[in-house]
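**Q** Here the numbering used here is used: position 586 in the sequence shown is 594, and no number is missing along the way.
Note that beta-carbon positions come from the ideal geometry of N, C-alpha and C, so glycine has one too.
One structure coming up, written as structure tokens, with questions to follow.
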Amino acid sequence: MLQRPKPSDSEEDLLREQEQFLTRGALSAANVVRRPDKRRGEGLPNQHKYFLRTHFICMYVLDLPDQLPSLTPAPPKKSRFKASRVTFEDEDAGERLDRHDTHISAVLSRIVERDTSSTPISLPAFTGMAFPKVFILTPFHSLEPPIISGPRLVSGQGLGGPDSPGETMRIHKENQTRLQTMSRSEIIEEQKKLLSHLGCFCSLCVRLCVCVSVNSVKPQKDWVHMDKLEPEKLEWMRDLPAPRRKGTTKAMEGRFDFAGSLIPPTEDLPTHLGLHHHGDEPERAGYSLQELFLLSRSQIIQQRSLALSTLANIISKARAGEYHSILKGSVMSTLLDAGLLFLLRFALDDSVEGVMSAAVHALKALVVSAEDEECLDCTFSWFRGLAAFPLLPSAQEEQDEEDEGLEESLKETAKEKEERRSDHDVARQDVVKGLLKMKLLPRLRYILEVLRPSPRVVQGVLDILIRFARHSSLSATQVLDCPRLMETVMSEFLPTSWTATSSPHPQSVYGLPQASAMKLLRVLATSGRHACARLLNSLGVRERLCRLLSAELSELLLETTQALRITTEAYRLWAVAAAYGQASDLYLVLYPALVKALQSVQRALNPSDPLLPLQLQRVLALLSFLTQVTHTAGCHQELQAGMNCFKPVETLQELEQLTSEVLLPLFSHRVVQDLIRNLGSSSVLCNVQSSHQSPETTPSLPGLACPGWRDRPGLVVPSSPFPLLTSMGLLLQTITGIHKGLSCKFSALLLSEPVIGYLRSCSRATPKLSHTRAWLLRHEHHLLYLLLRLSHRLIPIDVEVAKHASLYHQVALVLLSWLLPGSEFLAHELFCLLVCLPSSEGHSGGPEAIELGQLKLCEETQHRTSPSLQTVGALLREACVQLPSIRGCFLSQLAHLESSVLVSRDALLGHNPWINSHLLPELTGPTLPSDWPYLPLVSLYERTGLSDGGALTVEELPHGALQVVTHCLQWLLLLEVWREEALKVIPPVAKLARLSCVFLCSSDLFLERPVQKLTWGLFRLMTRLDALDLNVPPPGLASFLDLYSALLAQYEAVSFGDWLFGCWLLLPLQRRYNVTMRLAVFGEHLGMLRSLGVTMEQLSIPIERFTSPPEDSLPLLRLYFRSLLTGTLKLCRCPILYVVALSHVNSFIFSQDAAAQETGFVGSSQQLLQGFPYIVCITHELVVRKCFMSLQKCSSRY
């Protein structure tokens, strides 16, 4: 009999006893009986035994708890053997616990790790999923299918042969072949036979099996809310419907792909492109702007980055004008109105670098145009090319209702109003100012200084700062004043020392000089001389210039392209500084390097070199700097004192040699002649309506609209002659100013057919002023001015050039009204030299030709007392004599522009030490208003007519006012007769409104004889214009009716029945103009009817224009009748209006048209003329009775 193991037995004893037990084959002392699980049932099928065993093992392993159970021992169980155990007092309790411990921790503490050194290690298989597949236990099925009794012959399982699948296919093919040979009728007949052999029950089962479809979805009541089918919730899983194929006139929302391209509504794109989503139109691919805005606020980083990148692409294409012809409305305006600025500003604060980078890219696409910057860089080396207009939106004056009625001391200042405005209001009018108000500059500094992003983001941030600096001098100052911003740019992107990079595209640009950083300094320096001085003295720009320009390109440890660009920008920055008279001391320091660079220009450049454009830009920047240094040196007193060594004879000889050997051969060269032929096609003035696709701009974010400039003719393209001709014109102006005898040698240039054709086109042009054209118009104005200066020198000495004097004078007049801010000195020169030129009409016969041309009107006007067109010749002759006085008159009227003229003179003549800024004045309009010939009249009215109500006499007017008005009227008469094209930009109604100031500024100025003669002549010329439309409000006035009411009141007060004033008031009473002016005369100013004694002979307007067609206004007819009835309107006092009123009343009463009588309208003009003598002959009582009855009848019908 085996004994129980004792506590003192060792492991060898236990193994020996186990071997003895197994050898004897004795039964064990205890049997293990498993109690069946009540939840699983009492028994299981045989085929599930294996799987249940396996499933039990798996579930046992998987059901282990995720965390170890608590180590606190369970409550002790009572045992009957405990009392019989023998314990010793000196026995250690810890040893006793360890000996009897059966807790899981005791088991786990004795786990021995399995040796896996010989086990092979294999990598996991690659999958297309982002995460490993999760293994989930699913309901299992039996490997052995259930045995189902039934026939298996149809499926082929009953064949049972070794080749049963092949036999099945052979039988199937035989059946298919036999079915194909049978006709449809035979098949139907065999079906009927087969169904007839089957019983009724079997045939019914076959039909039910064919017709009834079994639903694969089985509702389960055991699951919550799964007992009811809801197929509508699964509609999103269906296949997308095909997009519409036919076009529609209904407006549809534009959808874009990730590249920013517009997707047509009819295009069917595959779903794997990721452009389909569960929106309002799931069948259409692409994202709308609203959906992109929503996606940009997603919690998923990739979606935010994708939305911002797509918006950046859309903005870039919108600014290029790609949506102009296919989308209704402006994409840019829609985005800005939807809050794009705030979206990008919030995205810049994102902590994820990818989202921040996408936001920078989108902001750059919004505010920066690479083509605009490229064009400005190309024109930098032109005459005054370093100057530019600030990119400010057009000023919009807003009336503040809160300040109305307050004293000036209590009103808010402009700065206080600006600070009180919200970010949204500021950004709505000015995008750049709104971004600056949103504290964007500190955020950009943080991105550059702390985040240290990729080179693409750094380039975008620098481009954004350049655009901010171009906005205005105030914005440039804010960029300079931003804490640590410029210090970061200087230390990180313009270091004084750096190491060479092994790759042309390094992963980081920190510690390497960048051309964009140097360009930022140049644009900041352009804003003002003080900003330039801060850059040179406080930020260490001098050291950077010396470091970059003193070494050869190969010694800069930079890639060749980057070295060319950064040295080009360095020369440009130095040129801007030299244009202020600053940094001139560096010229002596870098003189050897400059001479070496200048000598290298003489080497022939390889036309096939891809770096040739950059090399040419570098050479032009060097020449621009040398030009500015020369101008600065010419202003110093030392050079002026050295002029005593000037040798005039030798200088003149050298100029003649230069002309004969260089300039004349250059002008006759084929290349130059081809360039001159491109004047008309390259002109901005002559090509107002261009055929190219215009880029999209918004008022709050002005730009130059340069995208696509290489594909269309213009001033900046390589085939443009403007830069060459402008520089040559400057040289000719200097040469002919020193040696006047050389002027005649260049007459061929002015007489060439391309130049004459170009000037004629300019004289008829009507350019529109905007930011997109102003920067180009300024350069074209320079060329026109230089051509006119050359013509001024040649007209007195060259007969052929004098034949075109009227053309040059016409161009000078139109150019005067085109000149932009910053060109005030050119306007002054045109006034002094060309505008008031007495010889401009000498070749056409002068005033005598005007008199001879009007001889045919002699018989018609011999009985009239008003001045006729025969007297215009005498007035013109007197005006030509007074041209010098006329010029002085207008120059005195423009005296308020004297300071602007001096600033412009210093800039144009190169007086660099006196230039304060190369940023031109704000582009609010031309230097002179379009109606500048009327300026003396309007100015006098503003000083006297508005304040004193026009009650001052001539003696009470300012000194010389009568002479000023006379000269102004003489100039207007000259322009109306000889230069009518120069005044075509002024609407006829505006001319009439300006001339009305003659009657409103004084009580008796219009009675002066010279004023009355000239005004009569202008009135005669004005009444010949059929284009006079008084229904259109004149510029500067709300409506012409307000002006006409003031004229009526002035006539009643001070006219004394003057015929000129009366004709002036009769002009708006013609039948084709608004009835309100006739109602004002007969309803509110009846007193003037007693003194308006203008006769039919004095009026230069045909009476038919007042009486035809008959009047159809019932209130006016009633007023006509009342004035006739009361005797207010009489033939002896007011003959013109008496005839007009009588004619209309007569036509209304005696009209034979039944339809006209029913509706109160009038008959034809022929009936009016037949009734006129009849109504005169009838008695006054009959007229009154008939008028009264007709008006009463018409009133009852109305």
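Could you check the C-alpha separation between residue 688 and residue 769 for me, to the nearest Å?
**A** For the purposes of this step, residue 688 is identified with residue 680 of the sequence shown, where counting begins at 1. For the purposes of this step, residue 769 is identified with residue 761 of the sequence shown, where counting begins at 1. Residue 688 and residue 769: Cα-Cα distance of roughly 8 Å.
**Q** Give me the Cα-Cα distance between residue 66 and residue 23, rounded to the nearest whole angstrom.
**A** Locating residue 66 in the sequence shown gives position 58, where the first residue counts as 1. Locating residue 23 in the sequence shown gives position 15, where the first residue counts as 1. Bear in mind that the predicted position of residue 66 carries a pLDDT of just 38, short of 50, making it unreliable; the figure below should be weighed with that in mind. Each residue's alpha carbon lies about 32 Å from the other.
**Q** So is residue 29 buried or exposed if we call it buried at 16+ other beta carbons inside 10 Å?
**A** As a working mapping, residue 29 is identified with position 21 in the sequence shown. So residue 29 counts as exposed.
**Q** Checking the sheet assignment: what are the DSSP bridge partners for residue 396?
**A** One-based indexing of the sequence shown puts residue 396 at position 388. The partner list for residue 396 (beta bridge, DSSP) reads 927.
**Q** Residue 571: which of 535, 505, 593, 622 sits nearest, CA to CA?
**A** What you label residue 571 is simply residue 563 of the sequence shown in a count that begins at 1. Among 535, 505, 593, 622, the Cα nearest to that of residue 571 belongs to 622.
**Q** Give me, in chain order, the residues of the same chain whose beta-carbon lies closer than 6 Å to that of residue 1146; leave out the 5 immediate sequence neighbours on both sides.
**A** In the sequence shown, residue 1146 corresponds to position 1138, counting from 1. These residues qualify, in order along the chain: 1137, 1139.
**Q** Taking the alpha carbon of residue 882 as the point to measure from, which residue in 981, 957, 615, 914 has its own alpha carbon closest?
**A** Reading the sequence shown from its first residue, position 874 is the one you call residue 882. Per the Cα distances, 981.
**Q** Taking 6 Å as the limit between beta carbons, can you name the residues of its chain near residue 737, skipping five residues before and five after?
**A** In the sequence shown, counting from the first residue as 1, residue 737 sits at position 729. Cβ neighbours of residue 737 beyond the five flanking positions: 794.
**Q** Go ahead and pull the three-state DSSP assignment for residue 518.
**A** The count along the sequence shown starts at 1 and reaches residue 518 at position 510. Note: residue 518 maps to coil in three-state DSSP.
**Q** With distance defined between alpha-carbon atoms, name the residue in 458, 481, 444, 460 nearest to residue 472.
**A** As a working note, residue 472 is residue 464 in the sequence shown. Of the candidates 458, 481, 444, 460, the one whose C-alpha sits nearest the C-alpha of residue 472 is 444.
**Q** For residue 1084, which three-state DSSP category applies?
**A** If you number the sequence shown from 1, residue 1084 lands on position 1076. DSSP places residue 1084 in helix when its eight states are reduced to three.
**Q** Would you say the stretch 783-791 touches the stretch 740-757, given that touching needs at least three Cβ pairs under 8 Å?
**A** The stretch 783-791, when compared against the stretch 740-757, does not touch it at the 8 Å Cβ threshold.
**Q** Tell me the rounded alpha-carbon separation between residue 386 and residue 1086.
**A** Translated into positions along the sequence shown, residue 386 becomes position 378. Translated into positions along the sequence shown, residue 1086 becomes position 1078. Roughly 60 Å between the two C-alpha positions.
**Q** Leaving aside the five residues before and after residue 1079 along the sequence, list all residues of the same chain whose C-beta is less than 8 Å from its C-beta, in chain order.
**A** One-based indexing of the sequence shown puts residue 1079 at position 1071. Taken in chain order, the residues that qualify are 1113, 1114, 1115, 1116, 1117, 1119.
**Q** Which residues bound the alpha helix (DSSP H) around residue 382?
**A** Within the sequence shown, numbered from 1, the residue matching residue 382 stands at position 374. Looking at the DSSP string, the run of the alpha helix (DSSP H) that includes residue 382 is 378-386.
**Q** I need the straight-line Cα distance from residue 547 to residue 374, nearest angstrom please.
**A** Along the sequence shown, read from residue 1 onward, the residue named residue 547 stands at position 539. Along the sequence shown, read from residue 1 onward, the residue named residue 374 stands at position 366. Cα to Cα, residue 547 sits roughly 30 Å from residue 374.
**Q** Starting from the C-beta of residue 281, find all residues in its chain whose C-beta is less than 8 Å away, skip the five residues before and the five after it, and write them out in chain order.
**A** For the purposes of this step, residue 281 is taken as residue 273 along the sequence shown, with counting starting at 1. Excluding residues within five positions, the ones whose Cβ falls inside 8 Å are 265, 293.
**Q** For residue 624, which three-state DSSP category applies?
**A** The sequence position of residue 624 within the sequence shown is 616, counting from 1. Helix.
**Q** Excluding sequence positions up to five away, which residues of its chain have a Cβ less than 8 Å from the Cβ of residue 551?
**A** Sequence index remark: in the sequence shown, residue 551 carries index 543 (1-based). 504.
**Q** Looking at the strands, I want to know which residues DSSP matches up with residue 706.
**A** Taking the first residue of the sequence shown as 1, we reach residue 706 at position 698. Residue 706 is bridged to 709.
**Q** Where do the N-terminal and C-terminal ends of the alpha helix (DSSP H) with residue 356 fall, by residue?
**A** Locating residue 356 in the sequence shown gives position 348, counting from the first residue. Where residue 356 is concerned, the enclosing alpha helix (DSSP H) stretches over 348-356.
**Q** Closest by CA to residue 800, which one among 740, 787, 629?
**A** Taking the first residue of the sequence shown as position 1, residue 800 is located at position 792. Of the listed residues, the one whose Cα sits closest to residue 800 is 740.
**Q** If you run the structure through DSSP and keep just helix, strand and coil, what is residue 868?
**A** Counting from one through the sequence shown, the residue named residue 868 turns up at place 860. Any reading at residue 868 must be qualified, since the residue scores a pLDDT of 42, below 50, and its modelled position is unreliable; no value is offered.
**Q** According to DSSP, which residues form a beta bridge with residue 1129?
**A** Here the question's residue 1129 lines up with position 1121 in the sequence shown. Answer by DSSP bridge pairing: none, since residue 1129 is not bridged.
**Q** Between which two residues does the alpha helix (DSSP H) holding residue 771 run?
**A** Taking the first residue of the sequence shown as position 1, residue 771 is located at position 763. Run containing residue 771: 761-771, per the alpha helix (DSSP H) assignment.
**Q** Roughly how many whole angstroms lie between the Cα atoms of residue 761 and residue 833?
**A** Taking the first residue of the sequence shown as position 1, residue 761 is located at position 753. Taking the first residue of the sequence shown as position 1, residue 833 is located at position 825. Distance between the alpha carbons of residue 761 and residue 833 is about 30 Å.
**Q** Quick one: which unbroken alpha helix (DSSP H) runs of 4-plus residues sit fully inside the stretch 718-800? Chain order, please.
**A** Counting only runs of 4 or more, we get 730-746, 755-759, 761-771.
**Q** Who are the near neighbours of residue 520 in its chain, counting only those whose CB is closer than 6 Å to its CB and skipping five residues on each side?
**A** Counting from one through the sequence shown, the residue named residue 520 turns up at place 512. Cβ neighbours of residue 520 beyond the five flanking positions: 506.
**Q** Taking its Cβ as the centre, do 16 or more other Cβ atoms sit within 10 Å of residue 367, making it buried, or is it exposed?
**A** The residue given as residue 367 occupies position 359 in the sequence shown. Burial call: buried.
**Q** I'd like to confirm the pairing. Which residues does DSSP put opposite residue 270 in its beta bridges?
**A** By one-based count along the sequence shown, residue 270 stands at place 262. DSSP output for residue 270 lists 264 as bridge partner(s).
**Q** Tell me the rounded alpha-carbon separation between residue 205 and residue 290.
**A** Taking the first residue of the sequence shown as position 1, residue 205 is located at position 197. Taking the first residue of the sequence shown as position 1, residue 290 is located at position 282. Whole-angstrom Cα-Cα distance: 54 Å.
**Q** Could you tell me whether the stretch 268-281 touches the stretch 325-334, where touching means 3 or more Cβ pairs closer than 8 Å?
**A** Short answer: they touch.
**Q** Where does the unbroken alpha helix (DSSP H) through residue 695 begin, and where does it stop?
**A** As a first step, residue 695 is located in the sequence shown; it is residue number 687 there, counting from the start. No alpha helix (DSSP H) holds residue 695; DSSP gives it neither H nor E.
**Q** Fully enclosed by the stretch 178-208, which alpha helix (DSSP H) runs are 4 residues long or longer?
**A** If we require 4 residues or more, the alpha helix (DSSP H) runs fully inside the stretch 178-208 come out as 192-205.
**Q** With distances taken from CA atoms, which of 765, 725, 632, 811 is nearest residue 1243?
**A** No information on residue 1243 is available, as it lies outside the stretch 9 to 1206 that the chain covers here.
**Q** Quick one: what's residue 295 bridged to in DSSP?
**A** Sequence index remark: in the sequence shown, residue 295 carries index 287 (1-based). In the DSSP output, where bridge partners are listed per residue, residue 295 has 264.
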